[in-house]
Amino acid sequence: MESIKIPNSNNQKIAAVIHRPATKSEKLAILCPGYLDTKDYTHLVMLGEDLANKGYTAVRFDPTGTWESEGEMSEYLTSQYLKDVESVLDHMLKESPYTHVLLAGHSRGGQVSILCAARDPRISAVLGIMPSHAPVTGARREKLEAEGVSNSSRDIPGEDTKRREFSIPFTHVLDRDQYDAMADIQRITVPVVLVATEFDKAVPPEGVKELYESANEPKEFIFIKGMDHEYRHNPDEIRKVNDLALEALDKFFKT
């Protein structure tokens, strides 16, 4: 693994890690973390390793304003996240003329992968693992708007007893309102693989299936029983998700 810093659209530094395959190829994968998640969570690390074993150069990164990347929480917006993906891709294409580019992500990272693929013709495939796509509505939105900020915490990799606190301004929700993954997925013409799990309350499987039904061919829907949104805490579940997802991608791209 190789740790690097990539300039974003504001010339701030995005923290990233590269997994390189044993033999250099034309395949690149960019891994997008979920909401307030870090590139260093086990599910993204293992996915990067597995993709490298498949011949991909895999890059995982922390979006602007989070974890090891520069920027303020006010900059942690969907609009900036999309620019971050573009910055990572631009940086990697300067290194090598990759001709096959996979975007992959869990939860919000899956949503961003869909949004980005709908806008960037350089993308060759999308893997959305329990991708979020619904807008923030109802009582939850009213509460966030009234308070003006959302407070959340995330576990710190390798330090099970410690957590990192985040305060997200309501502008995050307003910016997110501009984007509609359900509509954008209809604009994607490259292969799309979507993963849903039986007990996912954050992104219910019915919603992921609806997203899948809106997608164009070629596509594949993977439904996994007995698993929920927080699969990243269980290496055996991570292995199952990765194996099924990469097997599905293999059907489209003989790797």
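Position one of the sequence shown corresponds to residue 0 (numbering that gives the first Met the number 0), numbered consecutively onward. Heads up, the beta-carbon is just placed ideally off N, CA and C, and yes, glycines get one too. Please read all numbers here as calculations on a predicted model, not as lab measurements.
Pairing S151 with C31, the inter-Cα distance amounts to about 19 Å. Distance from the CA atom of S112 to the CA atom of G104, rounded to whole angstroms, is 6 Å. From the listed residues G127, S78, G157, the smallest Cα separation to H232 is found for G157. In its chain, beyond the 5 residues on either side, N241, L245 have a beta carbon closer than 7 Å to the beta carbon of D49. Within the stretch 79-129, the alpha helix (DSSP H) runs of at least 4 residues that lie entirely inside it are, in chain order, 107-116. Nearest to P168 by C-alpha distance, out of L143, S2, P190, is L143. In terms of Cα proximity to I187, the closest of L92, D119, V16 is D119. Annotation for N241: the continuous alpha helix (DSSP H) segment containing it runs 234-251. Under the three-pair Cβ rule at 8 Å, the stretch 81-94 does not count as touching the stretch 204-217.
Annotated three-state conformation of S149 is strand, per DSSP.
Short of 7 Å from the beta carbon of H171, and not among the five residues preceding or following it, lie these beta carbons of its own chain, in chain order: Y75, L76. In the displayed model, P190 falls within coil according to three-state DSSP, outside both helix and strand. Taken through DSSP and simplified to helix, strand or coil, D39 comes out as coil. In the structure shown, the three-state DSSP call for A180 is helix.
One Cα belongs to T56, the other to A28, and the distance between them is close to 6 Å. Per DSSP, reduced to three states, the secondary structure at A133 is coil, with no helix or strand assignment. At the C-beta level, E25 and T98 come within 8 Å of one another. With 16 or more neighbouring CB atoms inside 10 Å of its own CB, F60 falls in the buried class. For S166, the three-state secondary structure derived from DSSP is strand. The beta carbon of G33 sits closer than 6 Å to the beta carbons of H105, S106, R107, G108 from its chain, once the five residues preceding and following it are set aside; these are given in chain order. K53: not part of any beta strand (DSSP E); DSSP gives it neither H nor E.
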